[in-house]
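S.K.: In the numbering used here, the protein residues as written are 26 to 391.
Below you can see the structure in the form of structure tokens.
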């Protein structure tokens with residue numbers, strides 16, 4: 026009986042494998058299945074990690090507009106701080122001088138009283154400046170002849186309208202100036218008048234720079250579209266100053282934009298001049314203050330009516346009621362002293378029921 030069972034057990038199956046070989050094959054299949062499942066899980070994990078990595082990259086390069094918007098403020102603040110550190114403080118003095126020169130030149134040119142108010146000097150990137158300009162406006166690109174650098178003078182629409190009306194005898198007030206100029210391009214006549222006005226301003230700007238370095242500015246061309254300016258890189262640092270110009274009832278704004286790299290040839294002179302002017306300014310500010318305080322100082326002055334030599338023995342005999350003989354003629358000359366130094370001599374007299382001294386000679390100074 027046992028033998029029959031063993032014979033059956035040892036019989037080969039349909040594949041020609043023994044029971045031991047079948048068990049080994051089943052075990053190998055189980056291992057292969059487990060490996061396949063592990064590979065699937067690993068592949069999914071890799072894809073997930075790649076997905077997260079891509080998100081990180083997107084955040085890094087600010088593919089998400091909201092992330093870019095959140096970081097924009099910090100970047101702008103960082104750039105602004107850099108701009109303020111690199112600006113030229115001496116330009117404040119230059120533009121002050123420019124206001125003095127151009128007020129006279131513009132009044133003569135327009136045959137009208139012109140008042141110019143200088144606003145604060147700003148330092149920022151050129152693209153930031155253009156983003157804040159209200160259009161239409163006339164951009165007058167100028168050239169610094171000395172070293173062929175470029176800059177711009179911007180005339181806003183109100184300023185253009187004011188120049189046209191003052192020179193060509195238009196309306197006597199500027200209430201409708203925006204309605205007249207907005208929504209259309211500038212005519213050839215308007216651009217020519219603005220060019221003459223800007224050329225005059227640039228001439229006075231050169232005069233304002235003269236105390237630092239001789240400079241000549243010339244209008245090169247005019248543009249009405251910011252993208253066509255092209256002479257200044259968008260990320261270039263510039264300093265600009267706005268001027269509010271009043272001509273009778275009319276008013277407008279003119280901006281002078283000076284790229285920092287255009288001043289590189291005279292950078293050292295600008296820094297040295299600023300340091301010198303600042304030092305002189307401090308000295309000049311203290312001078313009147315110190316003079317005023319000194320003149321308010323109280324001094325003790327003595328009027329010596331007479332001087333007499335008396336022996337110590339006679340002085341020791343003095344007591345209440347003792348009379349001291351005095352030569353009346355000595356009153357004809359009284360000496361005024363400060364700190365035992367003789368300054369004046371004079372005569373004793375009376376004025377308004379008070380004893381007074383009339384000064385005759387000056388013997389010294391305080």
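Even glycine gets a Cβ: it sits at the ideal position worked out from N, Cα and C.
Should the stretch 249 to 268 be called in touch with the stretch 276 to 286, which here means at least 3 C-beta pairs below 8 Å?
M.R.: Taking 8 Å as the limit for Cβ pairs, the verdict is that the stretch 276 to 286 does touch the stretch 249 to 268.
S.K.: In its own chain, which residues sit with a C-beta less than 6 Å from the C-beta of residue 120, not counting the 5 before and 5 after it?
M.R.: Cβ within range, chain order: 143, 266.
S.K.: Enumerate in chain order the residues of its own chain whose CB-to-CB distance from residue 386 is below 6 Å, with the five nearest sequence positions on each side excluded.
M.R.: Excluding residues within five positions, the ones whose Cβ falls inside 6 Å are 370.
S.K.: Determine the DSSP secondary structure at residue 336, reduced to helix, strand or coil.
M.R.: In this structure, residue 336 counts as coil in the three-state DSSP scheme.
S.K.: My assumption, with CB atoms under 8 Å, is that residue 360 sits in contact with residue 367. Please give the rounded CB distance.
M.R.: About 5 Å separates the two Cβ atoms, so the contact holds.
S.K.: My understanding is that residue 185 touches residue 164, with C-beta atoms under 8 Å, so please give their C-beta distance in whole angstroms.
M.R.: In fact, because the Cβ distance is near 12 Å, the residues do not count as touching under 8 Å.
S.K.: Taking all protein chains shown into account, do 16 or more other C-beta atoms lie within 10 angstroms of the C-beta of residue 158, making it buried, or fewer, making it exposed?
M.R.: Exposed.
S.K.: Is residue 189 closer than 8 Å to residue 218 when the C-beta atoms are compared?
M.R.: Their beta carbons are under 8 Å apart, which means residue 218 touches residue 189 by this criterion.
S.K.: Is the beta carbon of residue 114 less than 8 Å from the beta carbon of residue 249?
M.R.: The answer is no: Cβ separation not under 8 Å.
S.K.: Use the C-beta contact count for residue 116: other C-beta atoms within 10 angstroms, 16 or more gives buried, fewer gives exposed.
M.R.: So residue 116 counts as buried.
S.K.: Nearer than 7 Å: is that true of the beta carbon of residue 272 relative to any heavy atom of the ligand FAD?
M.R.: What this structure holds is no ligand at all, so the ligand FAD is not there to describe.
S.K.: Hey, out of 187, 180, 179, 225, whose CA is closest to residue 127's CA?
M.R.: Considering only alpha carbons, the answer is 225.
S.K.: Are the Cβ atoms of residue 223 and residue 180 separated by less than 8 Å?
M.R.: Yes, the pair counts as a contact, with Cβ atoms nearer than the cut-off.
S.K.: Given this structure, state the Cα-to-Cα distance separating residue 214 from residue 317, to the nearest angstrom.
M.R.: Roughly 57 Å between the two C-alpha positions.
S.K.: So, with DSSP's three-state summary, where would you put residue 221?
M.R.: Three-state DSSP puts residue 221 in a helix.
S.K.: In the DSSP assignment, find the unbroken beta strand (DSSP E) run with residue 286 in it and report its ends.
M.R.: No beta strand (DSSP E) holds residue 286; DSSP gives it neither H nor E.
S.K.: Would you report the Cα separation of residue 141 and residue 364, rounded to the nearest angstrom?
M.R.: Between residue 141 and residue 364, the C-alpha separation is close to 55 Å.
S.K.: Classify residue 374 as buried or exposed, calling it buried when 16 or more other Cβ atoms lie within 10 Å of its own Cβ.
M.R.: Answer is exposed; the Cβ neighbour count stays below 16.
S.K.: How about residue 155 and residue 251: do their beta carbons lie closer than 8 Å?
M.R.: A contact, by the Cβ cut-off of 8 Å.
S.K.: On the premise that residue 175 lies in contact with residue 291, defined as a C-beta separation below 8 Å, what is that separation, rounded to the nearest angstrom?
M.R.: In fact, because the Cβ distance is near 16 Å, the residues do not count as touching under 8 Å.
S.K.: Use the C-beta contact count for residue 123: other C-beta atoms within 10 angstroms, 16 or more gives buried, fewer gives exposed.
M.R.: Residue 123 should be labelled buried.
S.K.: May I ask you to report which of helix, strand or coil DSSP gives residue 132?
M.R.: Residue state, collapsed to three classes: helix.
S.K.: Write down every uninterrupted run of the beta strand (DSSP E) in the stretch 141 to 194 whose length is 3 residues or greater and which is fully enclosed by it, in chain order.
M.R.: Whole beta strand (DSSP E) segments, 3+ residues: 162 to 169, 174 to 181.
S.K.: Please report the residue range of the beta strand (DSSP E) in which residue 375 lies.
M.R.: Residue 375 -> beta strand (DSSP E) spans 366 to 376.
S.K.: Measure how close the beta-carbons of residue 152 and residue 247 come, nearest whole angstrom, since I'm counting them as under 8 Å.
M.R.: Going by Cβ atoms, the distance from residue 152 to residue 247 rounds to 20 Å, so no, they are not a contact pair.
S.K.: To the nearest angstrom, how far is the alpha carbon of residue 376 from that of residue 320?
M.R.: Roughly 26 Å separates the two Cα atoms.
S.K.: Give me the Cα-Cα distance between residue 57 and residue 47, rounded to the nearest whole angstrom.
M.R.: Their backbone Cα atoms lie some 15 Å apart in a straight line.
S.K.: Determine the direct distance from the alpha carbon of residue 289 to that of residue 133, and round the result to whole angstroms.
M.R.: The alpha-carbon atoms of residue 133 and residue 289 are separated by roughly 34 Å.
S.K.: Determine, for residue 153, whether the minimum Cβ-Cβ distance to residues of chain D falls below 8 Å.
M.R.: Of the protein chains in this structure there is only one, and it is not chain D.
S.K.: If we call anything under 8 Å between Cβ atoms a contact, is residue 240 one with residue 171?
M.R.: Contact flag set, yes.
S.K.: With distances taken from CA atoms, which of 270, 378, 230, 238 is nearest residue 295?
M.R.: Of the candidates 270, 378, 230, 238, the one whose C-alpha sits nearest the C-alpha of residue 295 is 238.
S.K.: Could you tell me the alpha carbon to alpha carbon distance between residue 381 and residue 341, rounded to whole angstroms?
M.R.: Looking at the two C-alpha atoms, the distance is approximately 33 Å.
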